[in-house]
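Each remark here refers to the structure printed beneath this line.
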Amino acid sequence: MNIFRLVGDLSHLLAIIILLLKIWKTRSCAGISGKSQILFAIVYTSRYLDLPNFVSMYNTLMKIVFIAASYATVYLIYMKFKATYDHNHDTFRVEFLVLPSFVLALLINHDFTVLEVLWTFSIYMESVAILPQLFMVSKTGEAESITSHYLFALGSYRALYILNWIYRYTTEDHYDLIAIVAGIVQTVLYCDFFYLYITKVLKGKKLQLPA
Amino acid sequence: KSTLSSHDEL
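Protein chains in written order, with my numbering: chain A, 1 to 211; chain B, 1001 to 1010.
Right under this line is the structure:
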C-alpha cells in the first residue's frame, strides 16, 4: 500500500458516497446514467468473485462496500426513485461496451480460467463504464455541480492508480499490463471532463458544454 | 506473470 493507491481508493470511495448521498438527499437521480451504474455493478460483481481469496481486512471491507454501494445505487435509480430517472437521455447502447469487453477478456488475459477471465472482463468493462454517463452529460449539455464532483472523484481514482502502478513498478518490480493499459484508457476518457471541471466547476460555474 | 492471487488491488 502506498500513498497513491490509498488516496486513489479513498477518492473512489468518496465518489460512490457522493453519488448515493446526492440521490438520497435530493430524492432524485436526475442527470445520473442508470446504465453506467448497472455497468459498475457488473464490474464489481465480476471482479470481486475472488472475495474468498483473502488479501487483507482493508481489501475485503472495501470490496464489500463497493459491491453493496453499487447495488444500492442501482436500486435507488431503477426502483425507489424510478420516477426521477431521466431515461430519455440515457440512451447509450451498452451492448457495444459489454460484448467487446467480454470478447477482449476471452482473447487477452493472464490465464484462461473462469475467475481470471471475469476479472479481466471487469477491468476492460470498468475502463469504459462511465461512457453512458459522459454521453448523457454531453447530450443534455450540462451537469449539476454535485454530479461533476462525483465524476471528478471517480476519474481521479484511476489516474492515482496509474501513479501507484509507476511506484510499484519502480519499488516492487510489480506490474500488471492489462490493468495499466485499461487504466490509462479509462483516465484518458475523463480528460475532456477534467478540463471542464477545472476551468468551470472549480471557479463556481456550472458545468455547461458550449452549444 | 500475474496470477489471481496477485490481484491485491481494488
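Ideal Cβ positions, reconstructed from N, Cα and C, are used throughout, including at glycine.
Remember, it's a predicted structure, so these values are computed and weren't measured experimentally.
Query raised in the report: Does the Cβ of A/Y157 lie closer than 7 angstroms to at least one heavy atom of the ligand FMN?
Result: This structure lacks the ligand FMN, and indeed carries no ligand of any kind.
Query raised in the report: Apart from the five residues just before and just after A/R27, which ones in its own chain have a Cβ nearer than 8 angstroms to its Cβ?
Result: Along the first sequence, read from residue 1 onward, the residue named residue 27 of chain A stands at position 27. Here the set comprises F81, T84.
**Report entry** N-terminal and C-terminal residue of the alpha helix (DSSP H) that A/C191 is part of
**Finding:** Counting from 1 along the first sequence, the entry for residue 191 of chain A is found at position 191. From DSSP, the alpha helix (DSSP H) with A/C191 extends over 177-199.
Query raised in the report: What are the residues of the segment 64-76 of chain A that lie near chain B, defined by any Cβ-Cβ distance shorter than 9 angstroms?
Result: F66
Requested in this report: Go ahead and pull the three-state DSSP assignment for A/A143.
Outcome: Locating residue 143 of chain A in the first sequence gives position 143, counting from the first residue. It is a strand residue.
Query raised in the report: What does a CB cutoff of less than 6 angstroms around A/F66 pick up in its chain, not counting 5 residues either side in sequence?
Result: What you label residue 66 of chain A is simply residue 66 of the first sequence in a count that begins at 1. Same-chain partners within the cutoff: Y44.
**Report entry** Presumed contact (8 angstroms Cβ cut-off) between A/I123 and A/I178, rounded CB distance
**Finding:** Locating residue 123 of chain A in the first sequence gives position 123, where the first residue counts as 1. Locating residue 178 of chain A in the first sequence gives position 178, where the first residue counts as 1. Yes, they are in contact, since the Cβ atoms of A/I123 and A/I178 sit about 6 angstroms apart, within 8 angstroms.
Query raised in the report: So the alpha helix (DSSP H) A/N2 belongs to, where does it begin and stop?
Result: Against the first sequence, residue 2 of chain A aligns to sequence position 2. A/N2 -> no alpha helix (DSSP H), and no H or E assigned at all.
Query - Proximity below 8 angstroms, CB of A/A68 to CB of A/Y150 - result: Taking the first residue of the first sequence as position 1, residue 68 of chain A is located at position 68. Taking the first residue of the first sequence as position 1, residue 150 of chain A is located at position 150. No. Outside cutoff.
Query - Helix, strand or coil at A/L6 [DSSP, three-state] - result: Here residue 6 of chain A refers to the residue found at position 6 of the first sequence. Reduced to three states, the DSSP call for A/L6 is helix.
Query raised in the report: By a C-beta neighbour count over all protein chains shown, 10 Å radius and 16 as the cutoff for buried, is A/G31 buried or exposed?
Result: Counted from its first residue, the first sequence places residue 31 of chain A at position 31. It counts as buried.
Report task. Can you pull the chain B residues whose beta carbon is under 7 angstroms from the beta carbon of A/D86, in chain order? Result -> Sequence index remark: in the first sequence, residue 86 of chain A carries index 86 (1-based). Here the premise fails: no neighbours, minimum Cβ distance about 29 angstroms.
Query raised in the report: By DSSP, does A/H12 sit in helix, in strand, or in coil?
Result: Your numbering for residue 12 of chain A matches position 12 in the first sequence. Correct three-state label for A/H12: helix.
Query raised in the report: Considering only residues of the same chain and omitting the five flanking positions on each side of A/K51, which have a CB-CB separation below 8 angstroms?
Result: The sequence position of residue 51 of chain A within the first sequence is 51, counting from 1. In the sequence as presented, Lys is not what sits at residue 51 of chain A; that position holds Leu. The residues are T60, K63, I64.
Query raised in the report: For A/E142 versus A/K200, is the C-beta distance shorter than 8 angstroms?
Result: Against the first sequence, residue 142 of chain A aligns to sequence position 142. Against the first sequence, residue 200 of chain A aligns to sequence position 200. The answer is no: Cβ separation not under 8 angstroms.
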